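Inspection log for the structure reproduced underneath, given as structure tokens.
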Amino acid sequence: MAQDNLQVAAPAADPIDQLDPREFIIIKNARVHNLKNLSVAFPRNKFIVVTGLSGSGKSSLAFDTLYAEGQRMYVESLSSYARQFLGRMDKPDVDYIRGISPAIAIEQKVTVRNNRSTVGTSTEIYDYLKLFFARVGRTYSPVSGREVRKDQVSDVVDYLFTLPEGTRAMVLAPLIPSEEGRPLRKELDLLLQKGYARVVINGEMAFIEDLLAEGQPEPEGEVQIMIDRAVIQPGDEDLQFRLSDSVQTAFFEGHGTCVVKLSVASSQLSEGENQNNAGNSQRTTDNQSETRTFSDRFELDGIVFEEPNVNFFTFNNPYGACPRCEGFGSVLGIDEDLVIPDKTLTVYEGAIAPWRTEKQSEWLKPLLKNGIRFDFPIHRPYNELTEAEQRLLWEGNKHFQGLHDYFEWVQTQTHKIQYRVLLSRYRGRTVCPDCRGTRLRKDAQYVKVAGKNIADLVLLPIRDALGFFENLSLTEHEKAVSDRLVTEVHNRLSYLVRVGLGYLTLNRLSNTLSGGESQRIQLATSLGSALVGSMYVLDEPSIGLHPKDAEQLIGVLRSLQQLGNTVVVVEHEEKMMEVADQIIDIGPEAGSGGGNLVFQGTYPEILQDENTYTGRYLSGKLEVAVPKVRRPWRNALEVIGARENNLKNLTVKFPLGVMTVVTGVSGSGKSTLIKRILYPALARHLGGTSSESIGKFDKLGGDLGAVSHVEFVDQNPIGKSSRSNPVTYVKAYDAIRTLFADQQLAKARGFKPSHFSFNIEGGRCEVCQGEGQVKIEMQFMADIYLTCEACGGRKFKQDILEVKYKDKSIDEVLELTVEDSLDFFADQPKVAERLRPLFEVGLGYIRLGQSANTLSGGEAQRVKLASFLTKGATLQSDKILFVFDEPSTGLHFHDINKLLTALNALVEQGNSVLIIEHNMDIVKAADWVIDLGPEGGTGGGHLLFEGTPEAFAKLKDENHTARFLAEKL
1 MAQDNLQVAA PAADPIDQLD PREFIIIKNA RVHNLKNLSV AFPRNKFIVV
51 TGLSGSGKSS LAFDTLYAEG QRMYVESLSS YARQFLGRMD KPDVDYIRGI
101 SPAIAIEQKV TVRNNRSTVG TSTEIYDYLK LFFARVGRTY SPVSGREVRK
151 DQVSDVVDYL FTLPEGTRAM VLAPLIPSEE GRPLRKELDL LLQKGYARVV
201 INGEMAFIED LLAEGQPEPE GEVQIMIDRA VIQPGDEDLQ FRLSDSVQTA
251 FFEGHGTCVV KLSVASSQLS EGENQNNAGN SQRTTDNQSE TRTFSDRFEL
301 DGIVFEEPNV NFFTFNNPYG ACPRCEGFGS VLGIDEDLVI PDKTLTVYEG
351 AIAPWRTEKQ SEWLKPLLKN GIRFDFPIHR PYNELTEAEQ RLLWEGNKHF
401 QGLHDYFEWV QTQTHKIQYR VLLSRYRGRT VCPDCRGTRL RKDAQYVKVA
451 GKNIADLVLL PIRDALGFFE NLSLTEHEKA VSDRLVTEVH NRLSYLVRVG
501 LGYLTLNRLS NTLSGGESQR IQLATSLGSA LVGSMYVLDE PSIGLHPKDA
551 EQLIGVLRSL QQLGNTVVVV EHEEKMMEVA DQIIDIGPEA GSGGGNLVFQ
601 GTYPEILQDE NTYTGRYLSG KLEVAVPKVR RPWRNALEVI GARENNLKNL
651 TVKFPLGVMT VVTGVSGSGK STLIKRILYP ALARHLGGTS SESIGKFDKL
701 GGDLGAVSHV EFVDQNPIGK SSRSNPVTYV KAYDAIRTLF ADQQLAKARG
751 FKPSHFSFNI EGGRCEVCQG EGQVKIEMQF MADIYLTCEA CGGRKFKQDI
801 LEVKYKDKSI DEVLELTVED SLDFFADQPK VAERLRPLFE VGLGYIRLGQ
851 SANTLSGGEA QRVKLASFLT KGATLQSDKI LFVFDEPSTG LHFHDINKLL
901 TALNALVEQG NSVLIIEHNM DIVKAADWVI DLGPEGGTGG GHLLFEGTPE
951 AFAKLKDENH TARFLAEKL
């Protein structure tokens, strides 16, 4: 009985259990990926930054736990029909999550593959613009520039009642001959049967009966039917009704044309009446009469125009798409850059490439011989010719046939193989000349508001388009029908400017945006929807932003939070941490060494924290070291006369054998200079092919022989298939498969290395075809991926999984992180040598078999860098120029140190490294800096500085980038 009095001590209560879910979003014991029973509470309606080393578990916490649970709970609220497809969505591996809000994830991935999607369509701005132009736009004739209008019956009657009292008016309709081609007498007879009595022939009135009397000759000349005649009495309502009816009849009989003839001297008309020229009416006047023609057809200057409607401005619709390029904006045509590759040459020196051969030079001789007759400068370089002179070369005149005529002739000779080869040599994707790349039918450009058509607006930088709407003045009626549309367009444009995208155009293709730009567009779209009570989870929104623009972005995120939302940002940007309400630091290391909550608190508190890498770098106790010496250089490449997009005729030298960084504010022209001009031009010079079209520039010069190869290491996925992964990309998987095929059990079962591949039939699971996941296509929402039930996500058949090396099956090896695999394969140098560069570029935390589509843009880029480092031995004989597009993407301060070591290793091997970058830790470690600016969009495109980081930092008072660099140096 005594036992009944024994009391078991209750376990100590976890403080996190006591928190109120109305004030916090509470995660208890998260175990997703590398998280180690991590418990954390996110305060509601606050701005929270989650930071830590790359691979420490930030994304596992923010996206795979917090957002995944929000998404799963949303799915549970759907109908039972929808849930039957989604019921297998796994719950994140946690004890519980309480107080979660509807979740919206904005990731830095370019998910759009559609060639028709643009910035305008993805932000819905273009949908509002179409409605705006359909409602308010006015059509102007391209011939005379006059406005095209349909005349209404009321326009004609209003005109008649503005005339002086006593004015005699005739309402006439032109006699339209029948299609059967009846004689005029027969036509007049039919008019008589309809009840008409009089006509006007050659300006003289006549009775139809008299014209049809026997013995009368066949009438000749212009015939008009007299519908009515009246003496104008202002205020006579009966007359107003009668004339309205008559005008309606005249429009009917005249197939849309009504003629009013007035018996009055022109001096009798007041000035206001003379100016009343409504619609597309036309007037002829003499001393006895005035004739005014009205039309209810939408035409002018002999052209019938389409009346604007929404589909008229829709390039995704056959009705509105440009017929020439079918709504794609580009056509396969003759590429000017291929025809005239070196624009510093004169026509006399052979600037026109196809006319250099002995046979084809016959086309050039008339120009050289007769150029003096029409004052054409054959000794002036092509790039110094005026636009009119360049156009003359293509169009020709009576003295010589131009390039267009030449290529049309070549087209007629394509039955001969040499001409087919010749034509293919000068063909390329060119901007559609009809729609200027806007994809819209040409006549949509005749519809204007305040002097601009819809094509002009989508080609303007967003910053300038916003200025257009801010200064727009409309009539009262136009305001009434478009007020809501203008408000929506203005708000969305201002959000895009605030997130640092004012330099883009609405016509920019969505699939050409960087990950950071794509994410900020989604962010601006979310702001436009003005949701409240939600949870936004963002993945490094500052990527691709100059530090100057990051300050504006912080304001945008703050406004999102102040609407009443919880904003959780995974971020490494110092400025973002400074203004956060809370910082959550995950670590302390990456991969298996991470997954713990090492800090939660405010920015001043983390500066005092000695236990985290983040705190030590922020407080300056640790830092990315500045090189002791800058490498000197002798050789350089040179781009001369770069004029693409906003570049202002730049000539820039790119040193070889050193690390060069190109900087500048967002939209200053960095990507245009490197990705659109230098890289594709050098690739073409070296005999390679580049899918990128080459931007406008004059010449590629410098020490071209000092480079044997060019590699552009971008942030695109490392493979098109989701089966692509890091271990296959760095060519380590071949050695691993061979290792497993050499095991005793594998030999006994007759397994070859191919049985351990998930790309071919044999050993892989055939239900998911080695993916480990099955895709469920959802028509009404994004596709979802579910774990394959046949193999449990392990990708291989059971008998393959029974083969083990050091007690691990092939799928368990693929689950190892790079860092752990280096220990595991320490006795297999073939494998370890291939994997080590992944660790050296800061990717020790990724799993060997991690699917390519789960890697961020920055991670994919660093996998590519690692693959080049593995080829180090073969690179010794080559002199490669490596071009990197923001390799610091997604990297913690601590990982930037590792990245710089890897980049310097490429330079030490005798290669050159060129980096487009905003991160000041990378800029200060460069040997040479090239800065563009001073602003983005039309305010950029100037070369501001070339030199060492030290010299650059001295410009801090007059240069945006130098100001931030000076803080780091």
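Residues 1 to 969 in full-length UniProt numbering are what the sequence shown spells out, letter by letter. Cβ atoms here follow ideal geometry from the backbone N, Cα and C, with glycine treated the same way. Everything numeric in this text was worked out from a predicted model, so none of it was measured.
Annotation for Thr118: Tyr126, Val458, Leu506, Asn507, Arg508, Leu509 and Ser510 place their beta carbon closer than 8 Å to its own, counting only its chain and skipping 5 residues before and after.
Under the criterion of beta carbons closer than 8 Å, Pro21 and Gly99 qualify as touching, at roughly 3 Å. The straight-line gap separating the alpha-carbon atoms of Leu345 and Asn383 is approximately 8 Å. Residues Asp927 and Thr948 of the same chain have their beta carbon placed closer than 6 Å to that of Arg630, with the five preceding and five following residues left out of the count.
If you look at Lys653, you'll find it in the beta strand (DSSP E) that goes Leu650 to Pro655. Look at the beta carbons and you see the stretch 888 to 900 touching the stretch 914 to 926: at least three pairs across the two are nearer than 8 Å.
Nearest in C-alpha terms to Asp483, of all of Ser514, Gly933, Val136 and Lys968, is Val136.
Residue pairing for Pro381: DSSP places it in a beta bridge opposite Thr346. By the Cβ test, the stretch 473 to 481 is not in contact with the stretch 514 to 530, since fewer than three Cβ pairs between them sit closer than 8 Å. Under DSSP, Asn596 takes part in a beta bridge, and its partners are Gly587. Excluding five sequence positions before and after Val489, the CB atoms of its chain that fall closer than 8 Å to its own CB belong to Ile125, Tyr128, Leu129, Phe132 and Phe469, given in chain order.
Considering only Glu395, Pro680, Val94 and Ser79, the residue with the shortest C-alpha distance to Asp64 is Val94.
Annotation for His415: no alpha helix (DSSP H) segment contains it, and DSSP assigns it neither H nor E. The beta carbon of Gly669 sits closer than 6 Å to the beta carbons of Asn646, Leu647, Leu932, Gly940 and Gly941 from its chain, once the five residues preceding and following it are set aside; these are given in chain order. In this model, Pro318 and Gly327 are separated by some 8 Å (Cα to Cα).
Residue range Lys58 to Leu61 is occupied by the alpha helix (DSSP H) that includes Ser59.
Per the coordinates, the alpha-carbon of Val803 lies some 31 Å from the alpha-carbon of Lys871. Comparing alpha-carbon positions, the option among Glu935, Gly937, Gln861 and Leu943 lying closest to Leu903 turns out to be Gln861. For Leu914 and Ser526, the gap between their C-alpha atoms comes out near 35 Å. Comparing alpha-carbon positions, the option among His709, Pro541 and Asn471 lying closest to Ile880 turns out to be His709.
From the listed residues Gly320, Val907, Arg72 and Leu869, the smallest Cα separation to Tyr785 is found for Arg72.
Boundaries for His894: no beta strand (DSSP E) harbours it, while the alpha helix (DSSP H) harbouring it runs Phe893 to Glu908, taken from the DSSP string.
Of all alpha-carbon atoms in Phe252, Cys432, Ala925 and Arg292, the one lying nearest the alpha-carbon of Thr660 is that of Ala925.
DSSP, reduced to helix, strand and coil, places Asp931 within a strand of the structure shown. DSSP places Glu777 in the coil class of the three-state scheme, outside both helix and strand.
The residue from Asp17, Gln18, Glu23 and Lys28 with its alpha-carbon nearest to that of Asn596 is Lys28. Among the bridge pairs identified by DSSP, Met659 is matched with Val913. Annotation note: the stretch 166 to 226 contains the following uninterrupted beta strand (DSSP E) runs of length 3 or greater, listed N- to C-terminal: 168 to 174, 198 to 201 and 204 to 207. With fewer than three CB-CB distances shorter than 8 Å, the stretch 438 to 449 does not count as touching the stretch 376 to 394. Per DSSP, reduced to three states, the secondary structure at Phe315 is coil, with no helix or strand assignment. Pairwise C-beta distances place the stretch 231 to 240 out of contact with the stretch 208 to 218, as fewer than three of them are shorter than 8 Å. Per the C-alpha coordinates, the member of Pro354, Thr123, Val658 and Val556 positioned closest to Val421 is Pro354. In this structure, Leu175 is the residue among Glu209, Ala213, Leu175 and Ala351 with its C-alpha nearest to the C-alpha of Phe252. For the pair Leu943 and Leu650, the CB atoms are nearer than the 8 Å cut-off.
Within a 10 Å sphere around the beta-carbon of Glu958 sit fewer than 16 other beta-carbons, which makes this residue exposed.
Boundaries of the beta strand (DSSP E) harbouring Tyr96: Tyr96 to Arg98, taken from the DSSP string.
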